[in-house]
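Below: the structure, in structure tokens.
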Amino acid sequence: MSKNLEQEFADALASLSAEEAQKVSLEMTAEHKALGKIAAIVRKNFYTDSSRKSNVRQQIEEIVEGLEIK
Amino acid sequence: MILDYMEVEGWRQFRDITRIDFVSGEKPLTIVHGENSGGKTALLNALYWCITGDTTPRLDRTKNLFYHTPSGGDSGKCKVTLSFEHEGVDYHAIRTLEAKTKGSVFKLFAVKDGHLKPIEPSPELTMDRILPKGMAKYFFFDGEGFHRTKGKGNGSSFKDSIKTMLGFDFAEEAIDLLKQLRKAKKSEIEKHRSELMESESEQKDYREAIDTRDQIDDALKKAQGEKRQFDDLIEQAESKIKELDDPEAKRAQVELDRCKREIKRLTGEEQELVGQQNSLISKHAVALFGKKLFDLGGEIIDKHREVGKLPADYSDTFIRDLLDSKICMCGRDLDETHREKLNSMISKATNRLIDRRLTKAHIDPIREYEAAVKGFQTDYQSYLNQLSNVRDQLQEQLKLRDEWKGKQRDIDEEKLNSLRKRVDDAEAQVTQLVRDIAKYELLLEEARNRIGRLESGNSSKRDEAVRNRIEVLNNVIAKYDRLIIVGDEFMKQRLAETSMELARNINISLAKYLAVPHRAKVTADYDYYFVGADGKPTATGGGAELLLNLTFIAELVRLARRRVDSDAGGLLVPGTIAPLTIDAPFGEMDVHYQPAAAEILLSASNQITFLLSSSHWRAIEATIKGQMGKEYVIFANNPDKPGATPSHPITIAGKEHHQRLYDGGDVERSWLVDVEEL
Chain A
0 MSKNLEQEFA DALASLSAEE AQKVSLEMTA EHKALGKIAA IVRKNFYTDS
50 SRKSNVRQQI EEIVEGLEIK
Chain B
0 MILDYMEVEG WRQFRDITRI DFVSGEKPLT IVHGENSGGK TALLNALYWC
50 ITGDTTPRLD RTKNLFYHTP SGGDSGKCKV TLSFEHEGVD YHAIRTLEAK
100 TKGSVFKLFA VKDGHLKPIE PSPELTMDRI LPKGMAKYFF FDGEGFHRTK
150 GKGNGSSFKD SIKTMLGFDF AEEAIDLLKQ LRKAKKSEIE KHRSELMESE
200 SEQKDYREAI DTRDQIDDAL KKAQGEKRQF DDLIEQAESK IKELDDPEAK
250 RAQVELDRCK REIKRLTGEE QELVGQQNSL ISKHAVALFG KKLFDLGGEI
300 IDKHREVGKL PADYSDTFIR DLLDSKICMC GRDLDETHRE KLNSMISKAT
350 NRLIDRRLTK AHIDPIREYE AAVKGFQTDY QSYLNQLSNV RDQLQEQLKL
400 RDEWKGKQRD IDEEKLNSLR KRVDDAEAQV TQLVRDIAKY ELLLEEARNR
450 IGRLESGNSS KRDEAVRNRI EVLNNVIAKY DRLIIVGDEF MKQRLAETSM
500 ELARNINISL AKYLAVPHRA KVTADYDYYF VGADGKPTAT GGGAELLLNL
550 TFIAELVRLA RRRVDSDAGG LLVPGTIAPL TIDAPFGEMD VHYQPAAAEI
600 LLSASNQITF LLSSSHWRAI EATIKGQMGK EYVIFANNPD KPGATPSHPI
650 TIAGKEHHQR LYDGGDVERS WLVDVEEL
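Structure representation (structure tokens):
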């Protein structure tokens with residue numbers, strides 16, 4: 000493969016990453032951020048037993064109640 | 000998940016305790032060299048079995064996992080220990096199997112403050128949460144057998160595993176939790192509202208109003224849901240129509256039809272002109288014939304003018320008679336001296352006479368014919384000009400027709416019409432649903448107002464604090480509603496985008512190496528295959544399918560890792576990513592694809608293990624050398640041929656080693672040696 004073509008692919012990959020990052024940052028509204036926090040809590044507690052699930056619910060409630068909807 | 004080490008004992012070909020230390024980070028590649036039946040698949044299965052309790056599809060004699068003694072018995076016990084790190088916690092997993100007990104025993108320990116703390120009561124469940132059983136096969140597999148995991152019958156589990164890997168499971172669970180919490184808040188409101196109702200009739204009216212509102216609300220949600228489905232259907236169908244309804248091909252068809260019509264018209268015009276031309280010729284046939292005839296007659300006359308004299312014998316007799324009579328007819332005297340003069344006069348007289356007669360006959364009709372022929376020639380030339388013009392146009396259209404024929408592509412009109420009909424039907428449904436939704440919204444507003452009136456009618460008797468609480472709860476529910484809608488939309492959008500993103504990344508990776516001009520397509524269900532220039536599935540050879548399988552897995556891991564690294568997914572928090580451990584990764588793949596596959600896999604993973612035969616090793620050695628952190632060789636002893644020359648050589652770091660030994664004094668077994676100790 001020629002050097003030019005290799006550079007072309009490297010540029011394409013770089014622009015893809017930049018494009019995706021820009022898209023995500025544009026889409027990250029307050030709701031998305033809150034959902035991200037909730038998903039992170041769910042994930043963090045995914046490996047624990049069900050006795051800690053009530054704690055998860057409480058954390059989620061706090062996030063939702065603190066959300067400012069425009 | 001990062002693997003630390005694995006120990007096997009009494010496992011398949013490995014009688015003694017055998018340990019592999021895995022590497023990760025800058026040099027993430029662990030290599031295990033081994034010849035066929037040496038024990039590569041056994042080691043892959045030890046890892047897979049320890050985590051899942053199952054073996055891979057290609058392992059022979061899956062029921063017999065114990066080490067076999069030469070006499071045909073077995074060790075009666077096997078054990079695999081796996082040490083790994085996950086989410087910042089170190090774990091030890093131990094799975095044992097004994098002939099006398101039914102099923103394997105699994106124990107999982109978390110390392111805390113240097114001590115092993117057993118995870119109870121469900122170590123299997125915890126292990127399954129760390130790496131779900133359904134997903135393990137996409138990280139620990141043999142190269143040739145990978146297609147079986149995505150093939151027929153595995154579609155749903157394949158899609159589910161991909162969703163788990165990319166974090167969709169967590170997002171779905173988060174949204175489910177939000178829905179449960181919203182339901183609980185609604186119940187709380189209903190409870191508070193009931194408290195506010197003092198009289199039975201008020202409570203009855205109130206309950207009815209609530210029921211009515213809920214029914215309308217349900218109907219509204221149902222209609223909104225159906226509308227969304229129809230909108231999706233319309234979008235999909237229109238996208239398909241756009242795909243099928245190629246404007247260039249359509250234009251080619253239109254132009255082709257126009258050319259055909261024009262050719263038909265010009266051909267008709269040509270025939271008509273030829274007919275008119277023939278009629279003209281028929282009409283002037285006599286004149287043309289006559290003219291031709293008189294042209295020929297004229298030539299004859301001209302010819303005979305020269306020879307139209309009186310025959311010489313008659314002239315001579317006449318002149319002699321005159322000379323004999325010595326007197327001319329005019330009375331002059333004649334003698335022999337006048338002979339020449341007489342001859343000349345007679346000749347002139349006869350010529351003039353003949354000439355006058357013939358010329359008169361010649362001129363009169365020919366003038367008529369000439370006039371007629373002149374008119375004919377003007378008309379005939381006009382027809383010739385018109386015909387030439389028409390024939391030029393015809394040639395041009397025939398040429399155009401051939402050009403458009405070359406651009407013509409069959410458009411599946413039947414399918415297009417069917418899709419258009421589906422769009423029309425769906426749009427009709429959407430129109431009706433929009434009307435229904437507007438109606439339900441109006442009814443819902445009325446129902447809410449009624450509830451408000453019922454609530455406010457008793458305001459004097461009600462507890463202010465309860466009403467405040469209801470208001471707070473309503474505000475909170477609105478937030479839940481908003482989050483659930485945003486979450487559902489986000490999930491739907493990301494699911495659709497992810498398959499496209501995967502396809503795009505796969506094609507970027509493959510474009511560097513693929514020897515055929517195909518592209519990979521990934522469907523919304525994560526099925527994937529090669530397509531040709533026409534977008535239809537196409538067959539490939541030389542192991543390109545296997546290259547696609549490995550690239551798909553590599554890009555999936557890369558995508559999941561990108562979410563881990565950048566937290567770019569928002570709602571899509573990272574799912575589980577395990578190290579890739581691949582037995583005979585390149586199968587029957589062409590040699591020129593093998594370094595490509597190795598490069599793609601290595602670029603995507605931060606820990607990877609290849610179990611390789613010497614032929615695969617030779618093909619990729621130069622490519623992977625810089626990323627290799629640990630290297631092992633499996634040696635195997637076969638006591639059936641004592642004294643036979645050691646075989647299956649492999650050259651490592653310039654030194655040759657024989658992987659198969661024939662030591663009659665020892666038993667049949669395999670063992671693993673770290674290359675650094677060789």
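Each protein sequence line maps, in turn, to chains A and B.
The first sequence stops at residue 69 when you use numbering that gives the first Met the number 0, and every number in between is there.
The second sequence stops at residue 677 when you use numbering that gives the first Met the number 0, and every number in between is there.
Quick reminder that beta carbons are idealized off the backbone N, C-alpha and C, glycines included.
For residue 95 of chain B, the uninterrupted beta strand (DSSP E) run begins and ends at 88-97, by DSSP.
Out of B:614, B:247 and B:607, the CA that lies nearest to the CA of residue 627 of chain B is found in B:607. If you check each beta-carbon in the stretch 461-493 of chain B against every beta-carbon of chain A, the ones closer than 8 Å belong to 475, 477, 478, 479, 481, 482, 485, 486 and 489.
Annotation: residue 487 of chain B to residue 572 of chain B spans about 15 Å, alpha carbon to alpha carbon.
Under the three-state reduction of DSSP output, residue 636 of chain B falls in the strand class. Taking the C-beta atoms as reference points, residue 44 of chain B is found no nearer than 9 Å to residue 28 of chain B. By the CB criterion at 9 Å, residue 558 of chain B and residue 509 of chain B fall outside the cutoff. Taking all protein chains in view, the Cβ of residue 210 of chain B is surrounded by fewer than 16 other Cβ atoms within 10 Å, so the residue is classified as exposed. Assignment of residue 572 of chain B by DSSP, reduced to helix, strand and coil, places it in the coil class. Taking residue 523 of chain B as the centre and dropping the five residues before and after it, the same chain places the C-beta of 494, 495 and 498 closer than 8 Å to its C-beta, in chain order.
If you draw a straight line from the Cα of residue 553 of chain B to the Cα of residue 86 of chain B, it is about 21 Å long.
The beta-bridge partner set that DSSP reports for residue 672 of chain B consists of B:632. With respect to residue 48 of chain B, residue 40 of chain B sits apart: the two C-beta atoms are not nearer than 9 Å.
From the beta-carbon of residue 556 of chain B, no residue of chain A is found nearer than 7 Å; the closest lies around 16 Å away. Residue-level contact by beta carbon holds for residue 64 of chain A and chain B, with a gap shorter than 9 Å. In this structure the stretch 382-398 of chain B touches the stretch 270-280 of chain B; the number of beta carbon pairs closer than 8 Å is three or more.
Chain-ordered, the chain A residues with CB closer than 9 Å to the CB of residue 169 of chain B read 38, 39, 41, 42 and 45. Inside the stretch 474-551 of chain B, DSSP marks no whole alpha helix (DSSP H) run of 4 or more residues. The beta carbon of residue 572 of chain B falls within 9 Å of a beta carbon belonging to chain A, placing the residue at that interface. Residue 30 of chain B sits in a strand when the DSSP states are folded into three classes. Rounded to the nearest whole angstrom, the C-alpha separation of residue 474 of chain B and residue 560 of chain B is 38 Å. Using beta-carbon distances, residue 177 of chain B counts as an interface residue toward chain A, with a partner under 9 Å. Under the Cβ distance rule, residue 166 of chain B counts among the residues neighbouring chain A, one pair being separated by less than 9 Å.
Residue contact check for residue 60 of chain A against chain B: a CB pair falls below 9 Å. Assignment of residue 583 of chain B by DSSP, reduced to helix, strand and coil, places it in the coil class.
Residue 592 of chain B and residue 542 of chain B do touch by the CB rule: their CB atoms are close to 5 Å apart, below 8 Å. Interface flag for residue 180 of chain B against chain A is set, since a Cβ pair is found closer than 9 Å.
By alpha-carbon distance to residue 24 of chain B, the top candidate from B:2, B:397, B:613 and B:15 is B:2. If you compare the alpha carbons of B:378, B:490 and B:348 with that of residue 277 of chain B, the shortest gap goes to B:378. Nearest CB-CB separation between residue 597 of chain B and chain A: not below the 9 Å threshold.
In this structure, B:225 is the residue among B:134, B:225, B:182 and B:236 with its C-alpha nearest to the C-alpha of residue 434 of chain B.
Bridge partners of residue 412 of chain B according to DSSP: none are assigned.
Contact annotation: residue 393 of chain B and residue 262 of chain B have beta-carbon atoms nearer than 9 Å.
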